Amino acid sequence: MREILKINNITKIYKNQFKALDELNLNINEGEIFALLGPNGAGKSTLINTVCGILNFDKGDIKVNEFDIIKDYRKARSLIGIVPQELNLEAFETVWDNVNYSRGLYGKSPNHKYIEKLLKELSLWDKKDSKLRELSGGMKRRVLIAKALSHEPKVLFLDEPTASVDVELRKDMWKVIQKLKEKNVTIILTTHYIEEAEEIADRVGIINNGKIILVDEKENLIKKLGQKILKIELSEPIKLIPKELKNFKLQLNSDKNILIYTYDTKGKNTGITSLLSDIKSLGLQLKDISTEQSSLESIFLNLVKESENELARA
Amino acid sequence: MNWQGLKAIYFHEMDRMRRTLFQSLVSPFISTSLYFVVFGSAIGSRITEIEGISYGSFIVPGMIMLTILTQSISNASFGIFFPKFTNTVYEILAAPLSSFEIILGFVGAAATKSLIIGTVIICTAGFFVDLQIEHPFIMMFFLVLTSVTFALFGFIIGMWADNFEKLQLIPILIITPLVFLGGSFYSINMLPEFWQKVSLLNPVLYLVSGFRWSFYEIADVSIYTSLITILFFLFSCVLIISYTFAKGYKIKN
Ligand SMILES: Nc1ncnc2c1ncn2[C@@H]1O[C@H](COP(=O)(O)OP(=O)(O)OP(=O)(O)O)[C@@H](O)[C@H]1O
Ligand SMILES: [Mg+2]
């Protein structure tokens, strides 16, 4: 697969000396939908704004389709569209004028047919003569998307596209994003909704404290998601996991009194029955049994916590 | 060169003027008329002529300069400040535009607006007094150069300002006094000798004087001094802007 975006060792330090991106690396494949997850203040917007040329950065380099975003800024930026996080629009201009203006900024000659199609796809056509300040929040978000797509970019950044958008509209937006993917547009979006990443992303990256702490195929994460954890609490601690139970790939907690068994709920045979009967035949006394679902959310939270602990140690 | 982008910024800015056409054109029209009523009638009844020119005609070039200066500064500074204020500047920064193209778009539009307003004032003035323009090309030259120079100056202010107070600080504190004391409404020959010397320190005087010369061939200082002054201003503004952008200035960071 071809990498369309290469972010190499980027450091961004704000004027107040705050280091928002810390030697961050990330590569994005052509045509994929990439979801960037991270808690508030993780550096998602900073990363996007840096790639788009809105912010200066202090170290590293960024290439879009092999064009360096500084040396070859015209070629690099022509390929990029950005939908910012905040709903900032001029007040008195009409939707139609404003979207055409965006296309012009990117050096493209006017194409009213294309803009008309775009507005129709985003259900904005009947609003084309409305003033921007007369629009609702969800409509403004769609105008921002129309502006970002007005110059037919190859890479689209969406900074929380579905924040403040109702459920139905969110589904519509997912459809729009899916359609863009079919046209081979690469999409990088940030979101706080894990289910959004699950729904539309091909790959998921998790960012915290200005560093990418995990990048994985969504399928792999979903696999982990389909897994459950069985915790078997014993009345007496044990020194080692008995070797008779080796096939179950158990884990032992630090107090050595809980056996942890991970199993796939989607599998035909979960192996719970044979595990329990094996434990019984070993003569171990059970105190309690519980199961836990491992969600993308809990994977996410664990990772963030881990990276924070690491930071505290360092 | 991103011509489409340049065009987009220029017409977007001109569009803002169209939307506020009333304020943009009516306000200079009204203030010109007021100047004629207040200065022309009140003072003009006492000072009938200055160097052979009726007082009403005498003040026209100064009035145009005054308006051009303040309008260029306020249009250009507001033009670039406004997108910073509304946070819509992101799309200009993310677009494949060079700093030069961005400046050209904003400054070009602001200067055009000033020229339109200047024309309106000349026409308005024509209703009230007799106008003669001895050197139309030099007049145009001054008009265009002053509009561009002070639009550049306004752009610098707009880049630097991060709130509305700062945006208005320099125009109110420096430009307006300089313009009013720059011989727009009088000839410095009418002042005591000491104040004549002080007036010569005021750069605006040179612009007003040169501009008036293009109308009536009367001037406080030589026309060449005036020409050099405006070119010097233009050059300084270009230098400041180039330097700021060369240092990696980002309009917003
Ligand atoms: N202009 C600025 N000056 C100084 N610090 C800033 C500036 N902008 C952002 N920061 C800081 O940089 C960090 C990253 O901010 P950023 O906006 O990238 O976070 P985010 O991941 O997008 O968060 P959210 O999910 O809330 O949008 C935050 O700690 C923020 O306080
Ligand atoms: Mg953000």
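Chains as they are written, first to last, in my numbering: chain A, 410 to 723; chain B, 4 to 256.
Each residue gets a CB set at the ideal place from its N, CA and C atoms; glycine is no exception.
Keep in mind that this is a model prediction, so the values were computed, not measured.
Same chain, Cβ closer than 8 angstroms to residue 422 (chain A), five either side skipped, listed in chain order: Numbered from its first residue, the first sequence carries residue 422 (chain A) at position 13. Closer than 8 angstroms at Cβ, skipping near neighbours: 428, 429 and 467.
DSSP state of residue 249 (chain B) mapped onto helix, strand, coil: Position 246 of the second sequence holds residue 249 (chain B). Residue 249 (chain B) sits in a helix when the DSSP states are folded into three classes.
Inter-residue Cα distance where the pair is residue 670 (chain A) and residue 503 (chain A): Within the first sequence, numbered from 1, the residue matching residue 670 (chain A) stands at position 261. Within the first sequence, numbered from 1, the residue matching residue 503 (chain A) stands at position 94. Near 60 angstroms, if we compare the C-alpha coordinates of residue 503 (chain A) and residue 670 (chain A).
Presumed contact (8 angstroms Cβ cut-off) between residue 568 (chain A) and residue 448 (chain A), rounded CB distance: Against the first sequence, residue 568 (chain A) aligns to sequence position 159. Against the first sequence, residue 448 (chain A) aligns to sequence position 39. Incorrect: roughly 15 angstroms between the Cβ atoms, too far for contact.
Residue 407 (chain A) at chain B interface by Cβ criterion, 8 angstroms: Nothing about residue 407 (chain A) can be read from this structure; chain A reaches only from 410 to 723.
Residue 612 (chain A) - DSSP class collapsed to helix/strand/coil: Residue numbering aside, residue 612 (chain A) sits at position 203 when the first sequence is read from its first letter. Looking at residue 612 (chain A) - three-state DSSP - the assignment turns out to be strand.
Nearest candidate by alpha-carbon position, reference residue 576 (chain A), set A:604, A:470 and A:562: Translated into the one-based positions of the first sequence, residue 576 (chain A) becomes position 167. Among A:604, A:470 and A:562, the Cα nearest to that of residue 576 (chain A) belongs to A:604.
Any non-hydrogen atom of ligand 2 within 7 angstroms of residue 494 (chain A) CB: Stepping through the first sequence from its first residue, residue 494 (chain A) is reached at position 85. Proximity of the beta carbon of residue 494 (chain A) to ligand 2 is indicated: a heavy atom of the ligand is located closer than 7 angstroms.
7 angstroms Cβ cut-off: residues of chain B touching residue 493 (chain A): In the first sequence, the residue the question calls residue 493 (chain A) occupies position 84. Around residue 493 (chain A), the beta-carbon contacts reaching into chain B at under 7 angstroms are 93.
Near-chain B residues of the region 511-531 of chain A - C-beta to any C-beta below 7 angstroms: Listed in chain order, the positions of the region 511-531 of chain A with a beta carbon within less than 7 angstroms of a beta carbon of chain B are 511, 513, 514, 515, 516, 517 and 518.
Contact under 8 angstroms by Cβ, residue 54 (chain B) with residue 190 (chain B): Stepping through the second sequence from its first residue, residue 54 (chain B) is reached at position 51. Stepping through the second sequence from its first residue, residue 190 (chain B) is reached at position 187. With contacts defined as CB atoms closer than 8 angstroms, residue 54 (chain B) and residue 190 (chain B) qualify as a contacting pair.
Contiguous alpha helix (DSSP H) assignments of at least 4 residues, all confined to the region 577-621 of chain A: Here the runs fully enclosed are 603-609.
Three-state secondary structure (DSSP) of residue 256 (chain B): Stepping through the second sequence from its first residue, residue 256 (chain B) is reached at position 253. With a pLDDT of 47 at residue 256 (chain B), under the threshold of 50, the modelled position of this residue cannot be trusted; read the value that follows with caution. If DSSP states are grouped into helix, strand and coil, residue 256 (chain B) belongs with coil.
Within chain A, partners of residue 176 (chain B) - CB distance below 7 angstroms: Numbered from 1 along the second sequence, position 173 holds the residue referred to as residue 176 (chain B). Using a Cβ-Cβ cut-off of 7 angstroms, residue 176 (chain B) is close to nothing in chain A; its nearest Cβ partner there is about 27 angstroms away.
7 angstroms CB neighbourhood of residue 131 (chain B) in its chain, flanking five on each side removed: Translated into positions along the second sequence, residue 131 (chain B) becomes position 128. Counting only residues of its own chain and dropping the five nearest sequence neighbours on each side, residue 131 (chain B) has a CB closer than 7 angstroms to the CB of 39, 43 and 59.
Reference residue 532 (chain A); option with closest CA among A:543, A:539 and A:551: Within the first sequence, the letter at position 123 stands for residue 532 (chain A). Ranked by Cα distance from residue 532 (chain A), the options A:543, A:539 and A:551 are led by A:551.
Closer than 7 angstroms: residue 454 (chain A) CB and nearest ligand 1 heavy atom: Here residue 454 (chain A) refers to the residue found at position 45 when the first sequence is read from its first residue. Under cutoff, so the answer is yes.
Cα-Cα separation between residue 434 (chain A) and residue 415 (chain A), rounded to whole angstroms: Counted from its first residue, the first sequence places residue 434 (chain A) at position 25. Counted from its first residue, the first sequence places residue 415 (chain A) at position 6. Each residue's Cα considered, the two are about 8 angstroms apart.
Any non-hydrogen atom of ligand 1 within 7 angstroms of residue 425 (chain A) CB: By one-based count along the first sequence, residue 425 (chain A) stands at place 16. Correct: residue 425 (chain A) has its Cβ closer than 7 angstroms to ligand 1.
Integer-rounded CB distance, given that residue 123 (chain B) should sit under 8 angstroms from residue 64 (chain B): The residue labelled residue 64 (chain B) in the question sits at position 61 within the second sequence. The residue labelled residue 123 (chain B) in the question sits at position 120 within the second sequence. No, residue 64 (chain B) and residue 123 (chain B) are not in contact; Cβ-Cβ is about 15 angstroms, not under 8 angstroms.
Residues in the region 546-560 of chain A having any Cβ partner in chain B nearer than 8 angstroms: Answer in chain order: 556.
Of the residues A:574, A:485 and A:505, the one placed nearest residue 535 (chain A), counting alpha carbons only: The residue labelled residue 535 (chain A) in the question sits at position 126 within the first sequence. Nearest of A:574, A:485 and A:505 to residue 535 (chain A), Cα basis: A:505.
Inter-residue CB distance, residue 78 (chain B) and residue 113 (chain B) (contact presumed, cutoff 8 angstroms): Your numbering for residue 78 (chain B) matches position 75 in the second sequence. Your numbering for residue 113 (chain B) matches position 110 in the second sequence. The Cβ separation is near 4 angstroms, so the contact holds.
Separation of residue 106 (chain B) from residue 255 (chain B), as counted between CA atoms: The residue given as residue 255 (chain B) occupies position 252 in the second sequence. The residue given as residue 106 (chain B) occupies position 103 in the second sequence. Here the model assigns residue 255 (chain B) a pLDDT of 48, short of 50, so the residue's position is not dependable, and the following value carries that caveat. Looking at the two C-alpha atoms, the distance is approximately 15 angstroms.
Endpoints, beta strand (DSSP E) assigned at residue 437 (chain A): As a first step, residue 437 (chain A) must be located in the first sequence, where it is residue number 28. Run containing residue 437 (chain A): 428-438, per the beta strand (DSSP E) assignment.
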